[in-house]
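Residue numbers (my numbering): 1 to 349. All residues carry an ideal CB built from backbone N, CA and C; glycine is no exception. Below is one structure; the comments refer to it alone.
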Ligand code: 2P0
């Protein structure tokens, strides 16, 4: 009687990150090398996360992947890059005589299931959590550890930042092979315990222009993007890291809003232009500025990614009042269309 092959199964979760200095534009499309460094905050994975299960078994005939219950093409070049790189690392470890790596398992095919607990492709960094989770889970299956953000980057640029908690920078690097284009923790989440994040969902619809093609068109057509990458972001990264170190919310807030605004200005400067913000997004921007003006200081900051949903950074002591103000100006209607679902999320490790 033949023994039934039992799969080795590993499940992991990975959090979303929200950039306060945005990544937009690549200098190398294949290796996913950016034209500027970026900085983000990793969110609490109890609320916004990807969960990935990888099963590896000698009876599997081929690698396969299911995203949110639907089978997708495993031959997608970015998926293949991540699989190839993790397997290469595992093989290398084994050749370096690390016996914890089971060579048998290296020849096994994998089945991958990945689910998000938030709307995919609505500008909520789903690919970041998705590829970070995929790379981390594959690494567990193949028994590899160490610096993995350079592999997650090859799945989706912003994914490299989700490999760490707290405040994370993605250093653009200078090398052509991309080996120095990795993520690095700037501060752990415990550094700023009263920082809070609110996600205001203005629309859960799929974005009209995906980030990958959007930034490609911006690189080709926007002179503002070139100016931003060369002359704005390098200083802004230094100022942002300094503001985080000092827990200086006023500076953190202004830099965050300015950077979001400049990112959306580069989208408008792209030809043909890309519009990610909608009427509700613009109303939220006005509301935040009026609120801050009322108090004579920056108490809340908005930032928008490649979609209309607002992410609000604030401090614990202002959450209840600001949430009340948002509810007042954006009351929920019966269809849930008019308004914004608010989720409070904390930065995490
Ligand atoms: C960011 N975004 O820094 C910026 C802000 C969207 C706006 O990273 O082509 O999905 O996979 O590298 O990572 C979205 O870009 O693009 C993104 P690819 P990705 O978070």
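According to DSSP, residue pairing for residue 196 in a beta bridge involves 314. In this structure, the beta-carbon distance from residue 286 to residue 304 does not fall below 7 angstroms. DSSP, read as helix, strand or coil, puts residue 306 in coil. Spatial neighbours of residue 106 in its own chain (CB-CB distance under 8 angstroms, excluding positions within 5 residues in sequence) are listed in chain order as 87, 90, 91, 94, 142. The Cβ atoms of residue 32 and residue 157 sit closer than 7 angstroms to each other.
Here the alpha carbon of residue 306 sits roughly 29 angstroms from the alpha carbon of residue 246. Per DSSP, the beta bridge partners of residue 114 are 52, 67. Pairwise C-beta distances place the region 246 to 256 in contact with the region 9 to 23, as three or more of them are shorter than 8 angstroms. For residue 141, the uninterrupted alpha helix (DSSP H) segment begins and ends at 126 to 142. By DSSP's assignment, residue 18 forms a beta bridge with 41. The distance from the Cβ of residue 14 to that of residue 45 is about 7 angstroms, consistent with a contact at the 8 angstroms cut-off. When only Cα atoms are considered, residue 209 and residue 110 end up about 31 angstroms apart. In this structure residue 12 touches residue 140 by the C-beta definition: roughly 6 angstroms separates them, less than 8 angstroms. Considering only 49, 292, 84, 231, the residue with the shortest C-alpha distance to residue 257 is 292. With contacts defined by Cβ atoms closer than 7 angstroms, residue 144 and residue 25 do not form a contacting pair. Annotation for residue 212 indicates a beta carbon within 6 angstroms of some heavy atom of ligand 1.
Within a 10 Å sphere around the beta-carbon of residue 296 sit fewer than 16 other beta-carbons, which makes this residue exposed. With respect to residue 52, residue 160 sits apart: the two C-beta atoms are not nearer than 7 angstroms. Here residue 75 is not bridged, per DSSP, to any residue.
When C-alpha distances from residue 67 are compared across 232, 269, 54, the shortest belongs to 54. Less than 7 angstroms separates the beta-carbon of residue 151 from that of residue 135.
Per DSSP, residue 274 has no beta bridge partner at all.
Rounded to the nearest angstrom, the gap between the Cα atoms of residue 263 and residue 38 is 12 angstroms.
Between the C-alpha atoms of residue 268 and residue 57 there is a straight-line separation of about 49 angstroms. Cβ atoms of residue 311 and residue 244 stay farther apart than 8 angstroms, at about 16 angstroms. Within the same chain, and ignoring the five residues on either side of residue 284 in sequence, the residues whose Cβ sits closer than 7 angstroms to its Cβ are 200, 302, 310. At least one heavy atom of ligand 1 lies less than 6 angstroms from the C-beta of residue 158.
Of the residues 16, 35, 34, 43, the one whose Cα lies closest to the Cα of residue 190 is 43. Note: residue 256 is not bridge-paired with any residue in the DSSP secondary-structure output.
At least one heavy atom of ligand 1 sits closer than 6 angstroms to the Cβ of residue 38.
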